[in-house]
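J.: Quick one: structure below, then a few questions.
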Amino acid sequence: MAVSAPTAAPALAASSSSSARVRSAFRVEWRKLTSQLVTRVLLLLCALGPFAFAAVLKLQSSTPSDTLFGVWVHSSGFALPLVILSFAGQWGFPAIAGIVAGDILSSEDRYGTWKTVLTRSRTRADLFAGKLLAASAVAVAVVAVTAVASIVAGLVVIGDQSLVGFGGKLIPPGRSLFLVAVSWSISLLPLLAFVALAVLFSAVTRNGILGVLGPLLVALAMQLLALIGNGTWLHTLLLASAFGAWHGLFAQPAFAAGLIAGCLVSVAWVLACLAGGWAAFARRDFAGVPAARRAGWRTSARVALGALAVLAVLTVATNWGAAAVTPQRLRDSFAPTFNHLTLLQQRLLGRRVASGARLNQLTACARRGGASGGPGDDWVCNVDVLIAQSGPTPLEQTVSYDVSVQSNGCYKADSPPSFVGSQLMRVPGEGSVVNPLFTIYGCFNTL
Amino acid sequence: MSAHSSRPKDALVATGLVKQFDGKRAVDGVDLRVAAGEVHGLLGPNGAGKTTLLRMLFGLVAPDAGEIELFGRRLQPDQPTALDGTAGFVESPAFYPYLSARANLELLAELDGAGAGARIAGTLHQVGLSDRAQDRVSGYSTGMRQRLGIAASLLRAPRLLLLDEPSSGLDPAGVRDVWALVRQLTRDGAAVLLSSHQIVEVQGVCDSFTVLRRGRAVWSGTASELREHAPAVEYRLVTSDDMAALAIAREHDCVRATPGPEGGLRVQAHPEHLDPYVVALGARGVAIRGLDVAVGPLEAMFFALTGERPQPSGETAPAEPLAGGLIGDGR
């Protein structure tokens, strides 16, 4: 160690504005996050994953028909980013939030670096804000990369064909691209809510593993809660519902109630989680307590027990509020969708369909188990189609669909091939195309 | 001397600091004052409260009672200027292991602002890490991390340096360089607070001391005041006939000799009483093969104050405290 004259004229560091201090803390955190292998691997996966997914789909004849728009992935490149968005909303976004933000505070505990950064010229508030903004920015960047890669992969591998909306009508490519972009953009708000949740876990538990897994556990709990109960209150407050807020954009006619509710709910989650995280962070002592006395796992156990109790209460609460899924709502959505898809099927088969034509049909939806409403796999919709023929009495044909309805109002309906034909149809000059009536997706407004 | 009022040249004044963890007082009413240009040693055995005290001085831990003033300003950790002019580290310096030393310093300089970035190359050179600056910290030895910790402190161009066991993990040359650096800083007007559990290590560099025991300051004063109050020095004596030397020691009232743990004798005596004893050994035909200081006056005082007793290896172990008359505020 060479001893030389130390830095001369030690002076007080110039105080800077709050925003400048937060910006510098943000730059530090951004650099740290982007220097980490896990972040780089995540970005790489998100950039290449959609292309790999599209390539695999291209090689397979089957489709991920359990996912919204899944049946259309071979027919329109715009279905691919929506399929990925549906999946990402369930697991991908909470995982991204956990990986990026779940260790943002607890990593300083693990490396013992709180005492290093808190003895510089930045306050706890500056560092907290910088960390939050950096984690949010990286998470948004990761999702943006995924979105762009999904859209590009869909367009390159599949093509820019029109997309069939939830109402059964075709959405032109330009409009589809716009709606896909808006859908991904809308999903950033619940993503940020999960980032805030990860920060909360990180601040409270001081444990990186819980910080990363916490958002995924919450996402799992929310999905379980979404499966049960028929009330709108609790389901509306779930981030799982906020991730599905884009569904209304593809309904025909579109509805915005879910979108507005999803945005408000996401903001509320962000504020609540940040308030909790800041309260835990601001008041703590950085005392370097020996590992044996560290409160991390004890706190985590308490949080887990508390979470189970909350989950039990929430389970009861899933029935609070007005009924979300009713036979009337399902029928009002399913009947026109079936009508439009039937007309689309006829056009695809090369048959002439007059503009404004509509089926003469009667639709009724009900649950097999006798329940009056609610989400479930036991719904059935019967469509009585009256087909005009020579003579006074039209031919009546009944088409029966097994319908699986979720608490967010989205449903998937399947019918046996004996009613509507096989999944793929032979079209003269075009080869095989998807039979629009084989699997029907739809979403209705539950609010 | 009261620590309750800040003088213009005081860099650090702490008054009545108290911190309690789980009902146990880690720091119990400690006063501390460090003036510009002074190296102040904060001494005490492990668990005496030194690190908690340092954490309070850095704003990492909120005191349950008491006040801290840095350069005449009351320490308010929620203010970005709270630690302006202050630097150092608590326990071993910690950095991001997946980044290089230079990258770590760049991040810290970003948080410091005020031109700290321009000092990175200079501080790395000062601590002898220029050649390894691009290496990841995960591959650094304890000593190298210690050097990096000092570099990180110097980035802030400190007027008050708070260092917790700064020589820990350093080789002898490194220790010498750290003390030289500390001296250089104080010559330029900086104040330095050095925490250590070994007075031997810091007695050459410190101008004054505060000794902590079980969270309380049991002594505070200059090095010379500490020496004045020091008990008899303990010597290591090796003779041609230790049994005879023991017998002769019994004839000298102010000399206390016992068999040494590693052979030879341990002799406790003030220098003025040791000389007649040594002369007597020679006169009685007992050859002296070795005589050196085993426990110096400051060390002896430290052991007395902290209730520790010296071990052959140089480590310390709990012991009964010496007479209460030695324990008090020397200022």
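Residue numbers (my numbering), protein chains in the order written: chain A, 20 to 466; chain B, 8 to 338.
All C-beta atoms in this analysis are idealised placements derived from N, C-alpha and C, irrespective of residue type, glycine included.
Being a predicted model, the structure only gives us computed values, none of them experimental.
Would you mind reading off the limits of the beta strand (DSSP E) that contains N401 (chain A)?
T.: Residue mapping note: residue 401 (chain A) aligns to position 382 of the first sequence, counting from 1. Here the beta strand (DSSP E) through N401 (chain A) covers G395 to I406.
J.: In angstroms with no decimal places, state the Cα-to-Cα distance between G222 (chain B) and D35 (chain B).
T.: Taking the first residue of the second sequence as position 1, residue 222 (chain B) is located at position 215. Taking the first residue of the second sequence as position 1, residue 35 (chain B) is located at position 28. Whole-angstrom Cα-Cα distance: 5 Å.
J.: With respect to the alpha helix (DSSP H) encompassing W49 (chain A), which residues constitute its N-terminal and C-terminal limits?
T.: Translated into the one-based positions of the first sequence, residue 49 (chain A) becomes position 30. Its alpha helix (DSSP H) spans residues S37 to S54.
J.: Let me know the secondary structure DSSP gives A311 (chain A) once reduced to three states.
T.: As a first step, residue 311 (chain A) is located in the first sequence; it is residue number 292 there, counting from the start. Here the model assigns A311 (chain A) a pLDDT of 45, short of 50, so the residue's position is not dependable and the matter cannot be decided.
J.: Just to confirm the assignment: which complete beta strand (DSSP E) runs, minimum length 3, are found wholly within the region 239–268 of chain B?
T.: Runs of the beta strand (DSSP E) inside the region 239–268 of chain B: 240–246 and 263–266.
J.: Hey, could you find the ends of the alpha helix (DSSP H) E98 (chain B) is sitting in?
T.: The residue labelled residue 98 (chain B) in the question sits at position 91 within the second sequence. Element bounds for E98 (chain B): n/a, residue is neither H nor E.
J.: Express the C-alpha separation of F463 (chain A) and Y103 (chain B) in angstroms, rounding to a whole number.
T.: For the purposes of this step, residue 103 (chain B) is taken as residue 96 along the second sequence, with counting starting at 1. For the purposes of this step, residue 463 (chain A) is taken as residue 444 along the first sequence, with counting starting at 1. In a straight line, the C-alpha of Y103 (chain B) is about 50 Å away from that of F463 (chain A).
J.: If you run the structure through DSSP and keep just helix, strand and coil, what is F305 (chain A)?
T.: One-based indexing of the first sequence puts residue 305 (chain A) at position 286. Correct three-state label for F305 (chain A): coil.
J.: Leaving out the 5 sequence neighbours to the left and right, which residues in its chain are closer than 8 Å to S148 (chain B) when beta-carbon positions are compared?
T.: The residue given as residue 148 (chain B) occupies position 141 in the second sequence. Only G176 meet the Cβ criterion.
J.: What would DSSP say about R75 (chain B), mapped onto helix, strand or coil?
T.: As a position in the second sequence, residue 75 (chain B) is number 68, starting the count at 1. Correcting the residue identity first, residue 75 (chain B) is Ile in this sequence and not Arg. Strand at I75 (chain B).
J.: What does DSSP give as the partner residues of I103 (chain A) in its beta bridges?
T.: Position 84 of the first sequence, counted from the first residue, corresponds to residue 103 (chain A). I103 (chain A) is not bridged to any residue.
J.: So, do the region 222–233 of chain B and the region 245–252 of chain B have three or more beta carbon pairs nearer to each other than 8 Å?
T.: No, because fewer than three Cβ pairs between the region 222–233 of chain B and the region 245–252 of chain B fall closer than 8 Å, the two stretches do not touch.
J.: When every heavy atom of the ligand FMN is checked, does at least one fall within less than 8 Å of the C-beta of A33 (chain B)?
T.: As for the ligand FMN, it is missing from this structure, which has no ligand bound.
J.: Give me the subset of the region 65–76 of chain B whose CB atoms are less than 9 Å from a CB atom of chain A, sorted by chain position.
T.: Residues passing the 9 Å Cβ filter: F65, G66, L67, V68 and A69.
J.: Determine, using beta carbons only, whether I190 (chain A) and G96 (chain A) come nearer to each other than 9 Å.
T.: Position 171 of the first sequence holds residue 190 (chain A). Position 77 of the first sequence holds residue 96 (chain A). Not in contact: I190 (chain A) and G96 (chain A) (Cβ atoms no closer than 9 Å).
J.: Would you grab the beta carbon distance between F438 (chain A) and S423 (chain A) for me? Rounded to a whole angstrom, and I think it's under 8 Å.
T.: As a position in the first sequence, residue 438 (chain A) is number 419, starting the count at 1. As a position in the first sequence, residue 423 (chain A) is number 404, starting the count at 1. In fact, because the Cβ distance is near 17 Å, the residues do not count as touching under 8 Å.
J.: Give every residue of the same chain whose Cβ lies closer than 8 Å to the Cβ of G250 (chain A), excluding the five residues on either side of it in the sequence, and list them in chain order.
T.: The residue labelled residue 250 (chain A) in the question sits at position 231 within the first sequence. These residues qualify, in order along the chain: A336, T337, N338, W339, G340, A341, A342 and A343.
J.: Taking the beta carbon of A280 (chain A) as the centre, do at least 16 other beta carbons fall within 10 Å, making it buried, or is it exposed?
T.: Taking the first residue of the first sequence as position 1, residue 280 (chain A) is located at position 261. The residue in question, A280 (chain A), is buried, as its Cβ has 16 or more Cβ neighbours within 10 Å.
J.: Do you know whose CA, among A:P455, A:G393 and A:T465, lies nearest S84 (chain A)'s CA?
T.: The count along the first sequence starts at 1 and reaches residue 84 (chain A) at position 65. Looking at the Cα atoms, A:P455 is the closest of the given residues.
J.: Can you give me the start and stop residues for the alpha helix (DSSP H) that Y284 (chain B) sits inside?
T.: Within the second sequence, numbered from 1, the residue matching residue 284 (chain B) stands at position 277. Residues P278 to A290.
J.: Does A44 (chain A) have its Cβ less than 9 Å from a Cβ in chain B?
T.: Mapped onto the first sequence, residue 44 (chain A) falls at position 25. By this cut-off, A44 (chain A) is an interface position.
J.: For A89 (chain B) versus T58 (chain A), is the C-beta distance shorter than 9 Å?
T.: Start at 1 with the first residue of the second sequence, and residue 89 (chain B) comes out as number 82. Start at 1 with the first residue of the first sequence, and residue 58 (chain A) comes out as number 39. No.
J.: Measuring CB to CB, does R190 (chain B) end up less than 9 Å from V46 (chain B)?
T.: Taking the first residue of the second sequence as position 1, residue 190 (chain B) is located at position 183. Taking the first residue of the second sequence as position 1, residue 46 (chain B) is located at position 39. In this structure, V46 (chain B) lies closer than 9 Å to R190 (chain B) by Cβ.
J.: How many angstroms separate the CA atom of G448 (chain A) from the CA atom of L182 (chain A)?
T.: Working through the first sequence from its first residue, we reach residue 448 (chain A) at position 429. Working through the first sequence from its first residue, we reach residue 182 (chain A) at position 163. Approximately 20 Å between the Cα atoms of the pair.
J.: Taking all protein chains shown into account, do 16 or more other C-beta atoms lie within 10 angstroms of the C-beta of L208 (chain A), making it buried, or fewer, making it exposed?
T.: Locating residue 208 (chain A) in the first sequence gives position 189, counting from the first residue. It counts as buried.
J.: Helix, strand or coil: how does DSSP classify C282 (chain A) here?
T.: Mapped onto the first sequence, residue 282 (chain A) falls at position 263. Note: C282 (chain A) maps to helix in three-state DSSP.
J.: Interface residues of chain B around T132 (chain A) at Cβ under 7 Å?
T.: Your numbering for residue 132 (chain A) matches position 113 in the first sequence. Correct list: A101, F102 and Y103.
J.: If you measure between the beta carbons of L49 (chain B) and V207 (chain B), is that distance less than 9 Å?
T.: Sequence index remark: in the second sequence, residue 49 (chain B) carries index 42 (1-based). Sequence index remark: in the second sequence, residue 207 (chain B) carries index 200 (1-based). Contact: no.
J.: Quick check on W288 (chain A) - is its C-beta less than 9 Å from some C-beta in chain B?
T.: Taking the first residue of the first sequence as 1, we reach residue 288 (chain A) at position 269. It does not; no Cβ of chain B falls within 9 Å.
J.: Below 9 Å between beta carbons: does that hold for S140 (chain A) and D85 (chain B)?
T.: Counted from its first residue, the first sequence places residue 140 (chain A) at position 121. Counted from its first residue, the second sequence places residue 85 (chain B) at position 78. Result no, Cβ atoms of S140 (chain A) and D85 (chain B) do not sit closer than 9 Å.
J.: So with Cβ pairs under 9 Å, would you call T217 (chain B) a contact of chain A?
T.: Counting from one through the second sequence, the residue named residue 217 (chain B) turns up at place 210. Output row for T217 (chain B): interface = no.
J.: Can you find a C-beta in chain B that's less than 9 Å from the C-beta of V119 (chain A)?
T.: For the purposes of this step, residue 119 (chain A) is taken as the residue at position 100 of the first sequence. Output row for V119 (chain A): interface = no.
J.: Just checking, does the region 38–50 of chain A make contact with the region 61–70 of chain A on the three C-beta pairs under 8 Å criterion?
T.: Flag = no, the region 38–50 of chain A and the region 61–70 of chain A do not touch.
J.: Roughly how far, in whole angstroms, is the beta-carbon of A73 (chain A) from the beta-carbon of G173 (chain A), given that I think they are within contact range, below 8 Å?
T.: As a first step, residue 73 (chain A) must be located in the first sequence, where it is residue number 54. As a first step, residue 173 (chain A) must be located in the first sequence, where it is residue number 154. Contact flag correct, Cβ pair sits at about 6 Å.
J.: If we call anything under 9 Å between Cβ atoms a contact, is L26 (chain B) one with L60 (chain B)?
T.: Residue 26 (chain B) sits at position 19 when you count from the first residue of the second sequence. Residue 60 (chain B) sits at position 53 when you count from the first residue of the second sequence. The question names Leu, but residue 26 (chain B) is Lys in the sequence shown. In this structure, L60 (chain B) lies closer than 9 Å to K26 (chain B) by Cβ.
J.: What is the DSSP secondary structure of S320 (chain B), reduced to helix, strand or coil?
T.: Position 313 of the second sequence, counting from 1, holds the residue named residue 320 (chain B). Residue confidence is low: S320 (chain B) scores 45 on pLDDT, short of 50, so the model does not pin down where it sits. Its coordinate-derived value is still stated next. The answer is coil: DSSP assigns S320 (chain B) none of H, G, I, E or B.
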